[in-house]
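Quick note, the sequence shown lines up with residues 1 to 212 if you use the UniProt record's numbering.
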Amino acid sequence: TALRKTLDKVEREKLQTEELAHKSIYNRDNVDRTLSRLEEENIGLQRQLQELQAALAEAEQAHAQRLIDLTTRHRAETEMETERLRSAQQQAERLLEARERAHRQKVKGLEEQNSLLKDQITQELRKRQLYISKSTRAGEEISDLRSALDTSLTNIIRDPNLDHVLLEQEARKLEESLSYGLPVTPRRRSPMRNSSPGRLGGYTSTPQYRPG
Numbered sequence: 001t002a003l004r005k006t007l008d009k010v011e012r013e014k015l016q017t018e019e020l021a022h023k024s025i026y027n028r029d030n031v032d033r034t035l036s037r038l039e040e041e042n043i044g045l046q047r048q049l050q051e052l053q054a055a056l057a058e059a060e061q062a063h064a065q066r067l068i069d070l071t072t073r074h075r076a077e078t079e080m081e082t083e084r085l086r087s088a089q090q091q092a093e094r095l096l097e098a099r100e101r102a103h104r105q106k107v108k109g110l111e112e113q114n115s116l117l118k119d120q121i122t123q124e125l126r127k128r129q130l131y132i133s134k135s136t137r138a139g140e141e142i143s144d145l146r147s148a149l150d151t152s153l154t155n156i157i158r159d160p161n162l163d164h165v166l167l168e169q170e171a172r173k174l175e176e177s178l179s180y181g182l183p184v185t186p187r188r189r190s191p192m193r194n195s196s197p198g199r200l201g202g203y204t205s206t207p208q209y210r211p212g
């Protein structure tokens, strides 16, 4: 009986060991399946990660290229705008310079015209002053001439019986007055010498001088 008990115990332990072995195998299979599943999931995640990384790299490259294009276009537009502004500034400077040059020429022309007008006015004033001076002298000479004529005619009229010598003296005085007051012109003495005292006495007023 003791042996029997021992055999039963050994048998039970063997069964327990086999059961534990089966459980271990089952658990190991479960672990292997779990590991396989986890490995597959890991591979899928790695593949997804690689795809995401590739997409991200492509997006970053596209964004960088877009930034480069925008920068290039902006630089080109900026250069074009700068060139346009520079050209407009140069054109405005040329226009301003042309206007200033035309203004200076106009001012110079006006100054020359003003100087010419001043010279003309100065010459005209000198001419007028000379004319006034000559007119004043001529008026004084005419006044002296009229006075001499009045004196001569008065002497002739007062005494119609003047002798030939006195008449010749008065005629000579008259000619001297004419020669002094007026330009020298050919004189004709024959009418004075042939005129009778009575005919000369017919003049009762002084002849008026009419400027030419």
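Backbone N, C-alpha and C define an ideal beta-carbon position, used for all residues, glycine too.
This one's a predicted model, so the numbers in the text were calculated from it and none came from an experiment.
Is residue i helix, strand or coil when you go by DSSP?
i, result
"residue 151", "helix"
"residue 187", "Note that residue 187 scores 40 on pLDDT, short of 50, meaning its location in the model is unreliable; the coordinates nonetheless yield the value given after this. Looking at residue 187 - three-state DSSP - the assignment turns out to be coil, as it is neither helix nor strand."
"residue 78", "helix"
"residue 72", "helix"
"residue 1", "coil"
"residue 9", "helix"
Give the C-beta separation of residue i and residue j to the nearest angstrom, bearing in mind that I take them to be a contact with Cβ-Cβ under 8 Å.
i, j, result
"residue 173", "residue 148", "7 Å"
Strictly under 8 Å for the Cβ-Cβ distance: is residue i near chain B by that measure?
i, result
"residue 54", "No chain B is part of this structure, which consists of one protein chain only."
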